[in-house]
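A.B. asks:
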Amino acid sequence: GDSVTQMEGPVTLSEEAFLTINCTYTATGYPSLFWYVQYPGEGLQLLLKATKADDKGSNKGFEATYRKETTSFHLEKGSVQVSDSAVYFCALRNAGNMLTFGGGTRLMVKP
Amino acid sequence: DTGVSQNPRHKITKRGQNVTFRCDPISEHNRLYWYRQTLGQGPEFLTYFQNEAQLEKSRLLSDRFSAERPKGSFSTLEIQRTEQGDSAMYLCASSLALIGAYEQYFGPGTRLTVT
Numbered sequence: 072g073d074s075v076t077q078m079e080g081p082v083t084l085s086e087e088a089f090l091t092i093n094c095t096y097t098a099t100g101y102p103s104l105f106w107y108v109q110y111p112g113e114g115l116q117l118l119l120k121a122t123k124a125d126d127k128g129s130n131k132g133f134e135a136t137y138r139k140e141t142t143s144f145h146l147e148k149g150s151v152q153v154s155d156s157a158v159y160f161c162a163l164r165n166a167g168n169m170l171t172f173g174g175g176t177r178l179m180v181k182p
Numbered sequence: 217d218t219g220v221s222q223n224p225r226h227k228i229t230k231r232g233q234n235v236t237f238r239c240d241p242i243s244e245h246n247r248l249y250w251y252r253q254t255l256g257q258g259p260e261f262l263t264y265f266q267n268e269a270q271l272e273k274s275r276l277l278s279d280r281f282s283a284e285r286p287k288g289s290f291s292t293l294e295i296q297r298t299e300q301g302d303s304a305m306y307l308c309a310s311s312l313a314l315i316g317a318y319e320q321y322f323g324p325g326t327r328l329t330v331t
């Protein structure tokens, strides 16, 4: 079945540092890929998405590129802020309509 | 657009009791999903509806779990004879059933604690 693997956290960075959170997936066919973010005490919010190979999703300074050859969708941001501290989830949606999530990566940004 | 709402936000129950959670999706959304999230893990799919029809159920959804969406609007998730292993955050999401409408909008969740 489909699966998503993320790097384990927590990831601790200083403000303005470069962020990479790795995500790889296993799926048949051509899934759509997503990054969701969960801020403390809040629900999941869609951060960005990519629906086909080589697509780049971007939002709020975050980017991720759908790499079919490496089955990856790594999340990057050039300069993190304290307000980016949250848990980040990589997910895929395949032929069915449900999302398959990775285990989540907690990001902590220190001033 | 008031977003997806879930009630209650927190529920503490004793093992063996029945509990019911409610989800109100975004009004024009015809798909509704239930997920379960345990501490430190990503959400896991439980079931989803298109309008009032329950189209898919995960094998995680044991016989003690039942979900309904009687009029294609709000949905309820009932757990009978709760067990400590049922303690988790139960998330509801909704979306449109349109080609290209990929985003699922999540509610804040109901946190269940079984003592």
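Chains as they are written, first to last, in the numbering used here: chain Z, 72 to 182; chain C, 217 to 331.
Ideal Cβ placement from N, Cα and C applies to all residues, glycine included.
Quantities reported herein were computed from a predicted structural model and do not represent experimental measurements.
Please say whether E294 of chain C and N234 of chain C have beta carbons closer to each other than 8 Å?
C.D. replies: Against the second sequence, residue 234 of chain C aligns to sequence position 18. Against the second sequence, residue 294 of chain C aligns to sequence position 78. Closer than 8 Å, so yes.
A.B. asks: Just to make sure I have the definition right: I need the residues of chain C whose C-beta is within less than 8 Å of the C-beta of F160 of chain Z. Which are they?
C.D. replies: Residue numbering aside, residue 160 of chain Z sits at position 89 when the first sequence is read from its first letter. Those are G258 and P259, listed as they occur along chain C.
A.B. asks: Contact between the segment 88 to 104 of chain Z and the segment 220 to 239 of chain C: three or more CB pairs below 8 Å?
C.D. replies: No contact exists between the segment 88 to 104 of chain Z and the segment 220 to 239 of chain C.
A.B. asks: If you draw a straight line from the C-alpha of I290 of chain C to the C-alpha of C239 of chain C, how long is it?
C.D. replies: For the purposes of this step, residue 290 of chain C is taken as residue 74 along the second sequence, with counting starting at 1. For the purposes of this step, residue 239 of chain C is taken as residue 23 along the second sequence, with counting starting at 1. The identity of residue 290 of chain C in the sequence shown is Phe, whereas the question assumes Ile. Distance between the alpha carbons of F290 of chain C and C239 of chain C: 6 Å.
A.B. asks: Run through chain Z and tell me which residues come within less than 9 Å of E319 of chain C, C-beta to C-beta.
C.D. replies: Position 103 of the second sequence, counted from the start, is the residue given in the question as residue 319 of chain C. Near E319 of chain C (Cβ distances below 9 Å), the residues of chain Z are F105, L117 and K120.
A.B. asks: Between E191 of chain Z and chain C, is the shortest Cβ-Cβ distance under 8 Å, so that the two count as touching?
C.D. replies: Residue coverage of chain Z in this structure runs from 72 to 182, which leaves residue 191 of chain Z outside it and unanswerable.
A.B. asks: Hey, how far is the Cα of Q152 of chain Z from the Cα of E86 of chain Z?
C.D. replies: Against the first sequence, residue 152 of chain Z aligns to sequence position 81. Against the first sequence, residue 86 of chain Z aligns to sequence position 15. So the two alpha carbons sit approximately 5 Å from each other.
A.B. asks: Just to confirm the assignment, what range does the beta strand (DSSP E) spanning V235 of chain C have?
C.D. replies: Numbered from its first residue, the second sequence carries residue 235 of chain C at position 19. Element bounds for V235 of chain C: V235 to D240.
A.B. asks: How many Å lie between D73 of chain Z and R164 of chain Z at the Cα?
C.D. replies: What you label residue 73 of chain Z is simply residue 2 of the first sequence in a count that begins at 1. What you label residue 164 of chain Z is simply residue 93 of the first sequence in a count that begins at 1. Going by the C-alpha atoms only, they are around 9 Å apart.
A.B. asks: Any chance you could list the beta strand (DSSP E) runs of at least 3 consecutive residues sitting entirely within the segment 74 to 99 of chain Z, in chain order?
C.D. replies: Here the runs fully enclosed are 74 to 77, 82 to 85, 90 to 92 and 94 to 97.
A.B. asks: Within its chain, find whatever has a CB closer than 7 Å to the CB of E272 of chain C; leave out the 5 residues flanking it on each side and keep chain order.
C.D. replies: On the second sequence, residue 272 of chain C is found 56 positions in, with the first residue counted as 1. Within the same chain, E272 of chain C has close Cβ partners T263 and Y264.
A.B. asks: Identify, in the order they occur along the chain, each residue of the same chain with its Cβ nearer than 7 Å to the Cβ of E299 of chain C, setting aside the five sequence neighbours on each side.
C.D. replies: Taking the first residue of the second sequence as position 1, residue 299 of chain C is located at position 83. Here the set comprises R231 and V330.
A.B. asks: Which word fits Y110 of chain Z, buried or exposed, when buried means at least 16 other C-beta atoms lie within 10 angstroms of its C-beta?
C.D. replies: Here residue 110 of chain Z is taken as the residue at index 39 of the first sequence, counted from 1. That one is exposed.
A.B. asks: Near P324 of chain C, which residues of its chain fall below 7 Å by C-beta distance, leaving aside the five closest residues on each side in sequence?
C.D. replies: Along the second sequence, one-based indexing puts residue 324 of chain C at 108. Counting only Cβ-Cβ distances below 7 Å, and skipping sequence neighbours, we find Q222 and R225.
A.B. asks: Output, in sequence order along the chain, the residues in the segment 221 to 248 of chain C whose CB is closer than 8 Å to any CB in chain Z.
C.D. replies: The segment 221 to 248 of chain C vs chain Z, Cβ under 8 Å: R247.
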